[in-house]
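Shown next, in C-alpha cells, is the structure this report addresses.
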Amino acid sequence: MNGPKEELISSLAFYKVERSVEWFEQKQQHSVHVIQLFGAKICTPSHTFALSHVHDVSYRPFSNGNGLFYLHTNQGLFTFEVKTDPTHFMTAYRKLRGDFFPL
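Residue 206 in our numbering sits at position 59 of the sequence shown, with consecutive numbering throughout.
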C-alpha cells in the first residue's frame, strides 16, 4: 500500500553513454534513465536517497542546450547528463525541503 509519502512528485530524464572498444572499433550505447522525486526520497536506477541525506541539487547548462544535473548527498556528488531544463524538479525538491526561496 502506498502512503502519501510514496506519491511521485517529479521526475527527470537523464542520459548515459557507455563506450566500448571491439575489434578496433569504438562503439557508443546511449540509454535513457529517470530520477524520481518522492515525498521522502529521491531514487535513481542505482541509488535511493532519503531527502534528509540530500544536501542540495544544482544544474550547469551548456551552450548546446544540454547540461549537468548535480545531486549533492551525504554519499558524495552524483552527476547526470540531462537534455531538458530541470527547474521543475529542483523547485519541487526545494519546496519539499521547506526552502522559502525556490529557484
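Glycine residues also receive a C-beta, built at the ideal position from the N, C-alpha and C atoms.
All values derive from a computational prediction rather than experimental measurement.
Answer yes if the stretch 181-191 comes into contact with the stretch 151-171, meaning at least three C-beta pairs across the two stretches below 8 Å, and no otherwise. yes
Of the choices 219, 197, 209, 199, whose alpha-carbon is the least far from that of residue 111? Residue 111 cannot be examined here, being either before or after the span of the chain that is shown, 148 to 250.
Rounded separation between residue 197 and residue 211 - CA only: As a working mapping, residue 197 is identified with position 50 in the sequence shown. As a working mapping, residue 211 is identified with position 64 in the sequence shown. Answer to the nearest angstrom: the Cα atoms are 33 Å apart.
Can you give me the Cβ contacts of residue 205 inside the same chain, cut-off strictly under 6 Å, excluding the 5 residues immediately before and after it? For the purposes of this step, residue 205 is identified with residue 58 of the sequence shown, where counting begins at 1. Once the five neighbours on either side are set aside, the close Cβ partners of residue 205 are 217.
Using DSSP bridges, identify the partner residues of residue 203. Indexing the sequence shown from 1 puts residue 203 at position 56. Paired residues: 219.
Consult DSSP for residue 237 and reduce its assignment to one of helix, strand or coil. For this step, residue 237 is matched to residue 90 along the sequence shown. Correct three-state label for residue 237: helix.
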